Every structure is written in C-alpha cells, then in structure tokens.
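**Student:** Have a look at this one before I ask anything.
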Amino acid sequence: MNNKKLRLLPVVKFIIVLCTCLFSLLPFFIMFKGSFESYNNIVSLQFHLLPKNASMYNYFDLLANYEFLRWFFNSVFVAIAAIAINIVIDVLAAYTLARMEYPGKKVTNAMVLFAQIIPVQAIVVPLYLMMVKWGWLDTYKGLILPVAVSPFIIFFLKQSFMQIPRALDEAAMIDGCGRFGVLTQIILPNAKSAVGTGAILKFMWVWGDYIWPSLVSKVSSMRTLPVGIAGFQNASGTYPWNLVMPAAVLAALPIILLFIFLQKYFVAGLTEGAVKG
Amino acid sequence: MSMEQKNPRTVALKPKTRNTLQAYMFFLPAAAFLILFMIWPMINSAFYSVFKWNLAGNKSFVGLDNYKFMLFQDSSFRRALLNTIIYTIFNMGLTLVLSMVCALLFQKQSRMSVVGRCLVFIPVVVPITVMGMVWKMMYDPQYGFINQVLSMLNITGPSWLYDSNIALLAVTIFNVWKEYGLYTLILIGGLQKIPQDLYEVADVEGANSWQKFWKITLPMLKPIMYFVTTILLINSFKAFDHIWVMTGGGPGNATTTVVTYLYAKVRDNVGLASAASFFLFLIVALFTFIKSVIGKGGEVDE
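So the sequence lines, in the order shown, correspond to chains A and B. Residues in the first sequence are numbered consecutively from 0, following numbering that gives the first Met the number 0. Residues in the second sequence are numbered consecutively from 0, following numbering that gives the first Met the number 0.
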C-alpha cells in the first residue's frame, strides 16, 4: 500500500514533530535558564543558549528578601480551600440534578446552565464593589468564596453521575440506604475519576487565576503567586527578570508535576470542558 | 448489605415531601453561591451600567448614556472592540491551522505521538500570566531570545510589544502558543471517531493523502470544527490576563481589549466599566447560544 515516493515522508513528519515540541518547550527552557543568571547576564546583548555564571543566588534572594513564600502559601491555601468547598457543594448539587425529582427542578437546572454562560471577566466589577462594601478586600474569604462553586463542575459531575446505572441506587435503597447513603456508598465510589477531574480543574484554574485575586488583594501579603509575581513590575513597565524568572519556575513547577502524574484527568477535564462547558 | 440500621420514623412525613425537602437541602448551598457570586453580580452589572458613578460615591441615573458614550464617542472603546475582533480573527486562524497540523501528526497511537501530545499540552496547564511574563522577556527587542535568533539570521526583528503595529500580533502569537495544545487534543478526539473503512475505500480507489484530507477528514470533522471555532471565539473575546501583564493594553491603545478596558475603569468609572461588562456578557451569551444551536444540529447524540 505504501508508495515508494513516500519514503521521505516519515523524516519530514519527524522534523515537524520536533519543531512543534521545541516550540512548546522553548519558553520553559528560557525561563529556567534565566532563573540562574544575574540580571546583567539575562539582559546581555550577546546570544547565549546556556546560562552564564549559573548560580542559585536568585532563588535565595527571592525566598529570603521578598514575600514569595507567603504568596506561595496563599496560592496553595486558596486552591485547597476552594477545592474542598467546591467538591462538597458541587457533588451535592450534581447529585440532586442527576437523581432526584422535585418541583422546581427545571429552575435549578436552568440556574446552573445560565451561570455557566457568565464570563468571570463580566462580573468582576460588581463583585469587586460587593467586596468593598462587605469589607472583604485583603481577606481569604474574599479570595476563596467567590470561586468556591463552579457551575461547570456541577454540570460535569451531573453528566458522569447520570451514567451510573440507577438499578444500583434502587438496590441500595431496598437495603435501607437513605438518599445520602446512596450518594456516599454508590455514586461517589463509582464517580471517583470524575470528582478527581473536577478537583484538578479547579486547582488549575485557581492556581493560574489573575483577574479576581488581583482585584481583591491590595496588600502584598494577601497576594497569590500570579498577582505577586506580576507585582514585581516597576512603574516604567519593566520587570526585574532575576526575580521574575525563579518565581515563574516555582509557580509553574507544581502544576507541571501534577500534570505529569495525573495527565489523563487534566486532558479529560479540559477537553470535555471546552466542548461541553 | 445493610448500610444503615432502619431508623424509626420520628417525624411522619410523606415520602414524597421528604424527598422534595431533601432535594432542596442538597441544592441549597450551590444555589446560594451561584446566585450570590455569579447571577446577582451579573444582574448588578446591567443595573450599574445605567448610572454615572465613581467609587467616591456620586451616583446618578443616566439611562443608556454609558453605552452611547462607549460605542459612539469613546475612541478607546472602539479601539478595544476593533482590537478584540482582530485578536479573535488571528487567534482563531492561527490556532486552528496549528492544532490541525498537530492533531494529524499525533493522531495515530505511537510512542512519538503520546510524547508529542503530552508536550504540546504543558503550556495549557501553566499559569497564563507567568508564561506571559516569560514571553515578554523573549520579545524584548534587544536582549530577547526571538530577536537575537533573528539577528543571527541577519534579520532585524521588530520591537514586538513596543511597536504599536505589531504588539497585538505578538500577544496573539503568545496565546496561540499557550492554548493550541488543548485544541489539538480536542481535534484528535474528533479524528479518532472517523470510521477507518472510509480511508480504506479511498485507498482502494487510489486517493492520495491530500485528497483524503479534503474529501474525508475535513468533512467528517465538521461538527467538531464548529465547536472548536465557537469556543475559540468565546475565549478570544475574554482575553485579558496575558495582555495585562505583557503590555497593560499599550503601547497607547494598541492592545486594549474589551476586558482590559473595563478592568482599567473599575475604580474610577463604575458605570462605564459595568456597561462594558454587560456588553461582554451579551456577546458571550450570543456565541454560546450559536454554539448550542450548532451542537444540537450537527452532532449525532452519543
């Protein structure tokens, strides 16, 4: 079936693959390289592929003299708290929508669908004013609670709960399980990977979120990583690269490691999220 | 398996009423959060948009003046809208082509494509502002990686983010880099659903790869292509984070988008910022509606 003329094709294909992979990875290499160089070497006009006078000085400087660890802690804490609240509330809501019949079900369904359409960027202004009024600026509740429920995760979980055979619920109920028992004994054990996907998606979103935390946090000590790092920018619009690069490495590394170990959850959640969300 | 001991009914409720109450209790927390932090702010942005209002507290009803000002008088909003549209077109075009090429390359199950899929996906998961800053460094006219490589090829690179004619393209290229891995995987999902016997028939008929792509692959991918296009459309209109850290909307208004416009106005002109917010919501809602209509018509239910 293979044409002899096409023998070159695998080589060409391999080169294109190599180029795309390089394209994807190069910025990470540059970030990593820069994190070991002094500012003067980073901005040196002489092209160099490997770091000049590589040292860990930037990392020590960043950790010792700036609030980086505090931002890191804030990011971790906000992400974990948001995930925890999300899982409890979203699972309950998804279970209600997937399995229970009650007057007003259409309204609850429509509420979730409508909330899914609302872009965060379109509600930050009124949300910000709400936080000002409530005195929630520079607080953890201001960072966490507005992102504590996700209509997309509710929808995603509902879809996966609906794929679990109802016969299992009924059998458990005959055995004396209540509604809540069915959720914990039947639904959750059968939907572990969907719940895991939801948790990981939330982690990724909160970890990378900029627009909301940048509005809620005024003081440096309440910033999350992306806001803190962007705050290195000085008035003239330039960045101290010797601080930004190691900070970028430390902000990117956790999520990359998570991705390497939990790849299939990321891919399942994000592709599904884009197509259905 | 009896999980719970049968509890004596202390309250005599009809099973149906009991069930309904339970359902409300389960849904209540979600409803509270969705209304308080999403739906209510959404309604508020429509409400605030008919006021002239700054954070100092002076608030006066002005009807549709904010919209009129924004659409017909404020040149920076018109620029923002135009920029958003240009950004959207380039973002959609470049992302579609690049992710299509990658999807075709990584479609078959082989070690190379598994590694490839993983690598193109890494930029998708990393915080966008953080990588935006790295790209800002790469874009620097003097010491940036891109221009240094270009100068080795004897090409004088442009000033990228500092050139008002190129800055918008530069932030678009960054976004393509950041997101194309996601669309690659979505397209691979679509490619894998195409029945293989179609290609076998084409082989028997003597079709070449190029013909197979245009006559089989692309028509069969139509539904998923519609999806990808509308998603790209929606996401492009929301563009903000990377632009904000890379250029702050500048130089001048060269990279101002609808969202950077409203973000910059949060503190001094709430009414105008809300009008822009509501405008954004309407556009996104319109695209979402189109997407769901296409979804119902184009996709065979699974």
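Here a beta-carbon is modelled for each residue, glycine too, at the ideal position from N, C-alpha and C. As the structure is a computational prediction, the values presented were derived from the model and not from experiment.
Can you confirm whether LEU93 (chain B), when its beta carbon is compared against all beta carbons of chain A, has any partner nearer than 8 Å?
**Tutor:** Taking the first residue of the second sequence as position 1, residue 93 (chain B) is located at position 94. At a cut-off of 8 Å between beta carbons, LEU93 (chain B) makes no contact with chain A.
**Student:** So, VAL265 (chain B) versus LEU214 (chain A), is the Cβ gap smaller than 8 Å?
**Tutor:** Position 266 of the second sequence holds residue 265 (chain B). Position 215 of the first sequence holds residue 214 (chain A). Yes, the Cβ-Cβ distance between VAL265 (chain B) and LEU214 (chain A) is below 8 Å.
**Student:** In the DSSP output, which residue or residues are listed as bridge partners for PHE50 (chain B)?
**Tutor:** For the purposes of this step, residue 50 (chain B) is taken as residue 51 along the second sequence, with counting starting at 1. The secondary-structure analysis by DSSP pairs PHE50 (chain B) across a beta bridge with B:PHE60.
**Student:** Quick check: the Cα distance between ILE210 (chain A) and PHE212 (chain B), rounded to an integer number of angstroms?
**Tutor:** Here residue 210 (chain A) refers to the residue found at position 211 of the first sequence. Here residue 212 (chain B) refers to the residue found at position 213 of the second sequence. If I take the Cα positions, the gap works out to 41 Å.
**Student:** Strictly under 8 Å for the Cβ-Cβ distance: is ILE154 (chain B) near chain A by that measure?
**Tutor:** For this step, residue 154 (chain B) is matched to residue 155 along the second sequence. Residue contact with chain A for ILE154 (chain B): absent (no Cβ-Cβ distance below 8 Å to any residue of chain A).
**Student:** What are the residues of the region 52 to 81 of chain B that lie near chain A, defined by any Cβ-Cβ distance shorter than 9 Å?
**Tutor:** LEU54
**Student:** Quick one: is GLY92 (chain B) buried, meaning 16 or more other Cβ sit within 10 Å of its Cβ, or exposed?
**Tutor:** As a working mapping, residue 92 (chain B) is identified with position 93 in the second sequence. With fewer than 16 other Cβ atoms within 10 Å, it is exposed.
**Student:** Rounded to the nearest angstrom, what separates ASP300 (chain B) and SER48 (chain B) at their Cα positions?
**Tutor:** For the purposes of this step, residue 300 (chain B) is taken as the residue at position 301 of the second sequence. For the purposes of this step, residue 48 (chain B) is taken as the residue at position 49 of the second sequence. Residue placement at ASP300 (chain B) is flagged as unreliable, the pLDDT there being 35, under the threshold of 50; the coordinate-derived value follows with that caveat. Taking the straight line joining both Cα atoms gives about 41 Å.
**Student:** Compute the Euclidean distance between the alpha carbons of VAL266 (chain A) and TYR225 (chain B), then round it to the nearest angstrom.
**Tutor:** Taking the first residue of the first sequence as 1, we reach residue 266 (chain A) at position 267. Taking the first residue of the second sequence as 1, we reach residue 225 (chain B) at position 226. Distance between the alpha carbons of VAL266 (chain A) and TYR225 (chain B): 20 Å.
**Student:** Would you mind sorting VAL106 (chain A) into buried or exposed? The rule is 16 or more other CB atoms within 10 Å of its CB.
**Tutor:** Translated into the one-based positions of the first sequence, residue 106 (chain A) becomes position 107. In summary, VAL106 (chain A) is exposed, with fewer than 16 beta-carbon neighbours lying within 10 Å of its beta-carbon over all protein chains present.
**Student:** Quick check on LYS51 (chain A): does DSSP put it in helix, strand or coil?
**Tutor:** By one-based count along the first sequence, residue 51 (chain A) stands at place 52. Here LYS51 (chain A) sits in coil by DSSP.
**Student:** Counting only Cβ-Cβ distances shorter than 7 Å, please list the residues of the region 245 to 256 of chain B near chain A, keeping chain order.
**Tutor:** GLY247
**Student:** Is LEU17 (chain A) near ASP89 (chain A), with beta carbons less than 8 Å apart?
**Tutor:** Locating residue 17 (chain A) in the first sequence gives position 18, counting from the first residue. Locating residue 89 (chain A) in the first sequence gives position 90, counting from the first residue. Cβ distance not < 8 Å, so LEU17 (chain A) and ASP89 (chain A) don't count as in contact.
**Student:** In chain order, what residues of the same chain have a beta carbon less than 6 Å from the beta carbon of PRO50 (chain A), not counting five sequence neighbours either side?
**Tutor:** Looking up residue 50 (chain A) in the first sequence gives position 51. Contacts found: LYS32, PHE35 and GLU36.
**Student:** Taking the Cβ atom as the reference point for each residue, do ALA171 (chain A) and GLN184 (chain A) lie within a distance shorter than 8 Å?
**Tutor:** Your numbering for residue 171 (chain A) matches position 172 in the first sequence. Your numbering for residue 184 (chain A) matches position 185 in the first sequence. In contact: ALA171 (chain A) and GLN184 (chain A) (Cβ atoms closer than 8 Å).
**Student:** Where does SER235 (chain B) land, buried or exposed, given buried means 16+ other C-beta within 10 angstroms?
**Tutor:** Mapped onto the second sequence, residue 235 (chain B) falls at position 236. Buried.
**Student:** Of all the residues that make up the region 190 to 207 of chain B, which are near chain A by a beta-carbon distance shorter than 7 Å?
**Tutor:** ASP202
**Student:** Closest by CA to ASN190 (chain A), which one among A:PRO164, A:SER43 and A:TRP204?
**Tutor:** Start at 1 with the first residue of the first sequence, and residue 190 (chain A) comes out as number 191. Before going on, a small fix: residue 190 (chain A) reads as Ala here, not Asn. Among A:PRO164, A:SER43 and A:TRP204, the Cα nearest to that of ALA190 (chain A) is on A:PRO164.
**Student:** Mapping DSSP to helix, strand and coil, what is ASN90 (chain B)?
**Tutor:** In the second sequence, the residue the question calls residue 90 (chain B) occupies position 91. DSSP places ASN90 (chain B) in helix when its eight states are reduced to three.
**Student:** Tell me the DSSP secondary structure of GLN45 (chain A) in three-state form.
**Tutor:** Locating residue 45 (chain A) in the first sequence gives position 46, where the first residue counts as 1. GLN45 (chain A): coil per DSSP, three-state reduction.
**Student:** Give me the subset of the region 120 to 146 of chain B whose CB atoms are less than 9 Å from a CB atom of chain A, sorted by chain position.
**Tutor:** PHE120, ILE121, PRO122, VAL123, VAL124, VAL125, PRO126, ILE127, THR128, VAL129, MET130, GLY131, MET132, VAL133, TRP134, LYS135, MET136, MET137, ASP139, GLN141, TYR142 and PHE144
**Student:** At the 8 Å Cβ level, is ASN1 (chain A) part of the contact set with chain B, yes or no?
**Tutor:** Taking the first sequence and counting its residues from 1, the one referred to as residue 1 (chain A) is at position 2. Confidence is the limiting factor: at ASN1 (chain A) the pLDDT is only 49, short of 50, which leaves the residue's position unreliable, though a coordinate-based value still follows. Cβ-Cβ to chain B under 8 Å: no for ASN1 (chain A).
**Student:** Assign TRP133 (chain A) to one of two classes, buried (16 or more other C-beta atoms within 10 Å of its C-beta) or exposed (fewer than that).
**Tutor:** Counting from one through the first sequence, the residue named residue 133 (chain A) turns up at place 134. When all chains shown are included, TRP133 (chain A) counts as exposed.
**Student:** Taking just the CA atoms, how far does SER74 (chain B) sit from ALA45 (chain B)?
**Tutor:** For the purposes of this step, residue 45 (chain B) is identified with residue 46 of the second sequence, where counting begins at 1. For the purposes of this step, residue 74 (chain B) is identified with residue 75 of the second sequence, where counting begins at 1. In a straight line, the C-alpha of ALA45 (chain B) is about 22 Å away from that of SER74 (chain B).
**Student:** With a CB to CB cut of under 6 Å and the five nearest residues on each side skipped, what residues in its chain are close to ALA53 (chain A)?
**Tutor:** One-based indexing of the first sequence puts residue 53 (chain A) at position 54. If we look at ALA53 (chain A) and ignore the five residues flanking it on each side, its Cβ neighbours are PHE35.
**Student:** My understanding is that ALA30 (chain B) touches ILE153 (chain A), with C-beta atoms under 8 Å, so please give their C-beta distance in whole angstroms.
**Tutor:** By 1-based counting over the second sequence, the position of residue 30 (chain B) is 31. By 1-based counting over the first sequence, the position of residue 153 (chain A) is 154. The C-beta separation of ALA30 (chain B) from ILE153 (chain A) comes to about 11 Å, leaving the pair out of contact by the 8 Å criterion.
**Student:** Hey, out of A:ALA247, A:TRP240, A:PRO245 and A:VAL248, whose CA is closest to ASN39 (chain A)'s CA?
**Tutor:** In the first sequence, the residue the question calls residue 39 (chain A) occupies position 40. Of A:ALA247, A:TRP240, A:PRO245 and A:VAL248, the residue nearest in Cα terms is A:TRP240.
**Student:** So for ILE289 (chain B), helix, strand or coil by DSSP?
**Tutor:** Within the second sequence, numbered from 1, the residue matching residue 289 (chain B) stands at position 290. Helix, per DSSP.
**Student:** When the cut-off is 8 Å and only beta carbons count, does ASP240 (chain B) lie next to chain A?
**Tutor:** To locate residue 240 (chain B), count along the second sequence from 1; it is residue 241. Interface residue, yes.
**Student:** What residues from chain C crowd round TRP240 (chain A), counting only those whose CB sits closer than 8 Å?
**Tutor:** Absent here is chain C; the protein component of the structure consists of chains A and B.
**Student:** Please confirm if ASN18 (chain B) has its CB atom under 8 Å from at least one CB of chain A.
**Tutor:** Within the second sequence, residue 18 (chain B) is the residue found at index 19, counting from 1. Yes, ASN18 (chain B) lies at the interface with chain A (some Cβ there is under 8 Å from its Cβ).
**Student:** Only counting runs of 4 or more residues, tell me where the alpha helix (DSSP H) segments fall wholly within the region 160 to 208 of chain A, in order along the chain.
**Tutor:** Counting only runs of 4 or more, we get 165 to 173, 178 to 181 and 191 to 207.
**Student:** Can you tell me whether VAL129 (chain B) is helix, strand or coil according to DSSP?
**Tutor:** What you label residue 129 (chain B) is simply residue 130 of the second sequence in a count that begins at 1. Looking at VAL129 (chain B) - three-state DSSP - the assignment turns out to be helix.
**Student:** Short of 7 Å in beta carbon distance, which residues of its chain neighbour MET137 (chain B), apart from the five on each side in sequence? Order them along the chain.
**Tutor:** On the second sequence, residue 137 (chain B) is found 138 positions in, with the first residue counted as 1. Only GLY143, PHE144 and ILE145 meet the Cβ criterion.
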